[in-house]
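Trainee: Just passing along the structure, written as structure tokens.
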Amino acid sequence: MNLLDTTFDLEQFTQQLNNELNNGLPGFDAQKIMSPSIRKHALKTSDPSIARDSSVLLLFYPKDGQLFLPFIKRTSGNTNHSGQISLPGGKYEESDSNRTVTAIRETNEELGVDCKKIKILGFLTELYIPVSNFMVLPVLGYCKQRPDFKMNPFEVEEVIEMPVQQLLSKENISKFSFTKNGLTINAPYFNANGHKVWGATAMILSELREVFLRAALIR
Numbered sequence: 001m002n003l004l005d006t007t008f009d010l011e012q013f014t015q016q017l018n019n020e021l022n023n024g025l026p027g028f029d030a031q032k033i034m035s036p037s038i039r040k041h042a043l044k045t046s047d048p049s050i051a052r053d054s055s056v057l058l059l060f061y062p063k064d065g066q067l068f069l070p071f072i073k074r075t076s077g078n079t080n081h082s083g084q085i086s087l088p089g090g091k092y093e094e095s096d097s098n099r100t101v102t103a104i105r106e107t108n109e110e111l112g113v114d115c116k117k118i119k120i121l122g123f124l125t126e127l128y129i130p131v132s133n134f135m136v137l138p139v140l141g142y143c144k145q146r147p148d149f150k151m152n153p154f155e156v157e158e159v160i161e162m163p164v165q166q167l168l169s170k171e172n173i174s175k176f177s178f179t180k181n182g183l184t185i186n187a188p189y190f191n192a193n194g195h196k197v198w199g200a201t202a203m204i205l206s207e208l209r210e211v212f213l214r215a216a217l218i219r
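Numbering (full-length UniProt numbering), first residue to last: 1 to 219.
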């Protein structure tokens with residue numbers, strides 16, 4: 001099955017994806033394709049060995065005959081990721097039995113998704129985020145139907161729903177530049193309904209894109 005097929009079959013999709021995940025992950029070679037220029041500089045002043053565990057959830061679901069993936073625009077504030085477009089997720093807590101539980105719990109807290117309706121498919125490669133000192137585990141999951149999103153207004157400003165085929169298409173990838181603290185940063189990004197998805201989230205999506213290409217889910 002390809003995501004361009006007229007009739008989307010969730011069961012066939014999960015089977016194809018599971019089969020490909022069992023073949024091994026593309027890893028950092030795929031992640032680095034979407035790495036911003038500032039990453040090398042940031043890594044020189046950080047220590048991944050003392051990183052805090054965290055996780056994010058890539059939550060697939062069917063909508064209008066297509067496969068979708070939600071992102072969140074975080075509320076403005078004083079955190080390192082304020083106002084950015086990201087995947088639902090957050091820091092591992094001692095009450096979490098593992099980081100899969102973390103990803104599900106955070107998705108419930110941020111988007112109101114019923115934990116019991118989330119089925120786990122597997123994982124992508126861990127990624128270290130220097131700016132927050134997080135070691136992020138990307139968790140892959142799905143819901144059989146579109147979730148009834150209920151945003152947490154203290155954490156989420158907007159939910160952005162994207163068709164996966166459109167999101168991961170080569171034509172949807174571009175680059176931009178900006179200046180921060182006197183440093184010019186060049187960053188590739190995925191376009192999500194006019195929002196720029198860059199940084200660690202884009203690096204995670206880059207590996208996902210390679211997995212989907214290998215599984216013949218996209219072209």
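All C-beta atoms, glycine included, are put in the ideal place defined by N, C-alpha and C.
In or out: glycine 182 buried (at least 16 other Cβ within 10 Å) or exposed?
Mentor: Walking along the sequence shown from the start, residue 182 turns up at place 182. Burial call: exposed.
Trainee: Could you name the residues of the same chain whose beta carbon sits closer than 6 Å to that of glutamine 84, not counting the 5 residues immediately before and after it, in chain order?
Mentor: By 1-based counting over the sequence shown, the position of residue 84 is 84. Around glutamine 84: Arg74.
Trainee: Hey, is the region 135 to 144 in contact with the region 56 to 70, meaning 3+ C-beta pairs nearer than 8 Å?
Mentor: yes
Trainee: Does the distance from the CB of isoleucine 160 to the CB of proline 88 come in under 8 Å?
Mentor: Counted from its first residue, the sequence shown places residue 160 at position 160. Counted from its first residue, the sequence shown places residue 88 at position 88. At a Cβ-Cβ threshold of 8 Å, isoleucine 160 and proline 88 do not count as neighbours.
Trainee: Just verifying my parser: in three-state terms, what is the DSSP assignment at leucine 168?
Mentor: Within the sequence shown, numbered from 1, the residue matching residue 168 stands at position 168. Here leucine 168 sits in coil by DSSP.
Trainee: Between aspartate 9 and the rest of its own chain, which residues show a CB-CB distance below 7 Å, the 5 nearest in sequence each way excluded?
Mentor: For the purposes of this step, residue 9 is taken as the residue at position 9 of the sequence shown. Excluding residues within five positions, the ones whose Cβ falls inside 7 Å are Met1.
Trainee: Just checking, does the region 151 to 158 make contact with the region 45 to 53 on the three C-beta pairs under 8 Å criterion?
Mentor: no
Trainee: Give the straight-line distance between the Cα atoms of tyrosine 189 and asparagine 98, rounded to the nearest whole angstrom.
Mentor: Numbered from 1 along the sequence shown, position 189 holds the residue referred to as residue 189. Numbered from 1 along the sequence shown, position 98 holds the residue referred to as residue 98. In a straight line, the C-alpha of tyrosine 189 is about 30 Å away from that of asparagine 98.
Trainee: Of all the options Phe178, Asn133, Ala192 and Val101, which has the alpha carbon lying nearest to the alpha carbon of valine 164?
Mentor: Numbered from its first residue, the sequence shown carries residue 164 at position 164. Here the closest residue by C-alpha is Ala192.
Trainee: With a threshold of 8 Å on Cβ separation, who are the neighbours of histidine 41 within its own chain once the five nearest residues in sequence on each side are excluded?
Mentor: Mapped onto the sequence shown, residue 41 falls at position 41. Hits under 8 Å: Leu183.
Trainee: With 16 other CB atoms within 10 Å as the buried threshold, where does valine 131 fall?
Mentor: To locate residue 131, count along the sequence shown from 1; it is residue 131. Around the Cβ of valine 131, a 10 Å sphere holds fewer than 16 other Cβ atoms; the residue is exposed.
Trainee: Specify the secondary structure class of proline 138 as computed by DSSP and reduced to three states.
Mentor: Taking the first residue of the sequence shown as 1, we reach residue 138 at position 138. In the structure shown, proline 138 adopts extended strand secondary structure according to DSSP, grouped into three states.
Trainee: Which stretch, first to last residue, makes up the beta strand (DSSP E) that contains lysine 40?
Mentor: The residue you call residue 40 lines up with position 40 of the sequence shown. Here lysine 40 belongs to no beta strand (DSSP E); instead the alpha helix (DSSP H) covers 38 to 44.
Trainee: State the start and end residues of the unbroken alpha helix (DSSP H) segment that holds glutamine 16.
Mentor: Within the sequence shown, residue 16 is the residue found at index 16, counting from 1. Run containing glutamine 16: 10 to 21, per the alpha helix (DSSP H) assignment.
Trainee: Out of curiosity, what's the CA-to-CA distance linking isoleucine 120 and glycine 65?
Mentor: Residue 120 sits at position 120 when you count from the first residue of the sequence shown. Residue 65 sits at position 65 when you count from the first residue of the sequence shown. If I take the Cα positions, the gap works out to 21 Å.
Trainee: Quick one: using the 10 Å Cβ neighbour count with 16 as the cut-off for buried, is glutamine 31 buried or exposed?
Mentor: Working through the sequence shown from its first residue, we reach residue 31 at position 31. Label assigned to glutamine 31: buried.
Trainee: Should serine 174 go down as buried or exposed, given a rule of 16 or more other Cβ atoms within 10 Å for buried?
Mentor: Taking the sequence shown and counting its residues from 1, one reaches residue 174 at position 174. With fewer than 16 other Cβ atoms within 10 Å, it is exposed.
Trainee: Candidates Ser177, Ser35, Glu94 and Gln16: which alpha carbon is nearest methionine 203's?
Mentor: Against the sequence shown, residue 203 aligns to sequence position 203. Ranking the options by Cα distance to methionine 203, first place goes to Ser35.
Trainee: If I follow the unbroken beta strand (DSSP E) through glutamate 158, where does it start and stop?
Mentor: Position 158 of the sequence shown, counting from 1, holds the residue named residue 158. First-last of the beta strand (DSSP E) with glutamate 158: 156 to 163.
Trainee: Taking 6 Å as the limit between beta carbons, can you name the residues of its chain near arginine 214, skipping five residues before and five after?
Mentor: Counting from one through the sequence shown, the residue named residue 214 turns up at place 214. Closer than 6 Å at Cβ, skipping near neighbours: Glu20.
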